[in-house]
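**Q**
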């Protein structure tokens with residue numbers, strides 16, 4: 003074993019400290035097959051490397067931060083273990099994060115399709131993200147929020163910019179494990195940030211509008 007490889011290895015206690023997961027939790031993931039076994043150094047001792055730490059950080063992001071049940075976390079882990087493509091692994095991750103949004107609103111689908119087709123998007127209608135978008139359009143329609151729907155093209159363009167920025171932010175990640183973790187944390191933690199920034203922007207423009215009306 004090389005000196006660099008040996009230095010990168012850690013025992014269970016350090017793995018627990020660095021992953022911010024308890025030793026019993028890590029042992030549970032080992033028993034469940036979510037984490038591969040470490041390298042045995044004796045009958046009841048093993049050492050672990052960076053790949054174990056990356057896997058635990060991904061599982062923690064899925065379960066503790068995103069709040070996914072272990073079954074959905076396992077689906078993401080399985081996709082990372084043997085991905086037919088990185089895009090598919092990311093798709094499985096997005097599906098797990100967004101959950102199911104059942105809708106068969108043809109009118110809402112037509113409104114959404116016009117907006118995303120104009121941007122050149124090609125979306126699978128079976129995607130949970132697509133169904134969630136259709137459901138959102140249907141709810142806006144039901145509330146007669148036509149001013150928002152009339153500006154759907156602008157929202158799609160803004161979403162495209164955010165999506166591109168998200169992927170740019172994780173482009174330097176060395177492994178697929180780290181990139182998928184970036185997708186999870188970016189999606190979950192960026193959401194409240196973006197919503198807060200939009201509210202701040204609304205306050206700013208409202209102030210500008212008030213000044214314009216007063217002048």
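In this note's numbering, the protein residues as written are 3 to 217.
Even glycine gets a Cβ: it sits at the ideal position worked out from N, Cα and C.
1) What span of residues does the alpha helix (DSSP H) with residue 44 cover, start to end?
2) Roughly how many angstroms separate the alpha carbons of residue 153 and residue 188, rounded to a whole number?
3) If I follow the unbroken beta strand (DSSP E) through residue 49, where does it start and stop?
4) Could you tell me the distance, in whole angstroms, from the CA atom of residue 27 to the CA atom of residue 12?
5) Where residue 89 and residue 209 are concerned, what is the direct C-alpha to C-alpha distance, given to the nearest angstrom?
6) Looking at the strands, I want to know which residues DSSP matches up with residue 12.
7) Taking 7 angstroms as the limit between beta carbons, can you name the residues of its chain near residue 103, skipping five residues before and five after?
8) Give me the Cα-Cα distance between residue 96 and residue 122, rounded to the nearest whole angstrom.
9) Hey, would you say residue 140 sits closer than 8 angstroms to residue 110, going by beta carbons?
10) Whose CA, out of 204, 149, 35, 170, lies closest to the CA of residue 57?
11) With three or more C-beta pairs closer than 8 angstroms as the rule, is the segment 47–62 touching the segment 166–175?
12) Apart from the five residues just before and just after residue 64, which ones in its own chain have a Cβ nearer than 7 angstroms to its Cβ?
13) Which term fits residue 193, buried or exposed, when burial requires 16 or more other beta carbons within 10 angstroms of its beta carbon?
14) Thinking just about the alpha-carbon of each residue, which of 117, 179, 163 is nearest to the one in residue 150?
15) Classify residue 19 as buried or exposed, calling it buried when 16 or more other Cβ atoms lie within 10 Å of its own Cβ.
16) At which residue ranges does the segment 149–194 contain complete alpha helix (DSSP H) runs of 4 or more residues, listed in the order of the chain?
17) Where do the ends of the alpha helix (DSSP H) carrying residue 111 lie?
18) Pull up the distance between the alpha-carbon of residue 55 and that of residue 17, whole angstroms please.
19) Which of the three DSSP states, helix, strand or coil, is assigned to residue 137?
20) Helix, strand or coil: how does DSSP classify residue 83 here?
**A** Walking through what the data contain:
1) Taking the first residue of the chain shown as position 1, residue 44 is located at position 42. Here residue 44 belongs to no alpha helix (DSSP H); instead the beta strand (DSSP E) covers 41–44.
2) Working through the chain shown from its first residue, we reach residue 153 at position 151. Working through the chain shown from its first residue, we reach residue 188 at position 186. Approximately 26 angstroms, taken between the alpha carbons.
3) Against the chain shown, residue 49 aligns to sequence position 47. Counting along the chain, the unbroken beta strand (DSSP E) around residue 49 starts and ends at 47–49.
4) Position 25 of the chain shown holds residue 27. Position 10 of the chain shown holds residue 12. Using only the alpha carbons, I get a separation of about 17 angstroms.
5) Indexing the chain shown from 1 puts residue 89 at position 87. Indexing the chain shown from 1 puts residue 209 at position 207. If I take the Cα positions, the gap works out to 43 angstroms.
6) By one-based count along the chain shown, residue 12 stands at place 10. 50, per the DSSP bridge assignment.
7) Start at 1 with the first residue of the chain shown, and residue 103 comes out as number 101. Shown here for residue 103: same chain residues with a beta carbon closer than 7 angstroms to its own, the five before and five after excluded, namely 130, 133, 134, 137 in chain order.
8) Reading the chain shown from its first residue, position 94 is the one you call residue 96. Reading the chain shown from its first residue, position 120 is the one you call residue 122. CA-to-CA, the gap between residue 96 and residue 122 works out to about 20 angstroms.
9) Position 138 of the chain shown, counted from the start, is the residue given in the question as residue 140. Position 108 of the chain shown, counted from the start, is the residue given in the question as residue 110. Here residue 140 is near residue 110, since their CB atoms are less than 8 angstroms apart.
10) Your numbering for residue 57 matches position 55 in the chain shown. Ranking 204, 149, 35, 170 by Cα distance to residue 57 puts 35 first.
11) Touching, no.
12) The residue given as residue 64 occupies position 62 in the chain shown. Within the same chain, residue 64 has close Cβ partners 70, 75, 78, 186.
13) Counted from its first residue, the chain shown places residue 193 at position 191. Around the CB of residue 193, fewer than 16 other CB atoms lie within 10 Å, so the residue is classed as exposed.
14) Here residue 150 corresponds to residue number 148 of the chain shown, with the count starting at 1. Per the C-alpha coordinates, the member of 117, 179, 163 positioned closest to residue 150 is 117.
15) For this step, residue 19 is matched to residue 17 along the chain shown. Answer is exposed; the Cβ neighbour count stays below 16.
16) Qualifying alpha helix (DSSP H) stretches, in chain order: 154–171.
17) Mapped onto the chain shown, residue 111 falls at position 109. Unbroken alpha helix (DSSP H) run through residue 111: 108–120.
18) Numbered from 1 along the chain shown, position 53 holds the residue referred to as residue 55. Numbered from 1 along the chain shown, position 15 holds the residue referred to as residue 17. Roughly 7 angstroms between the two C-alpha positions.
19) Locating residue 137 in the chain shown gives position 135, where the first residue counts as 1. Residue 137: helix per DSSP, three-state reduction.
20) Within the chain shown, the letter at position 81 stands for residue 83. Of the three classes helix, strand and coil, the one that applies to residue 83 here is helix, per DSSP.
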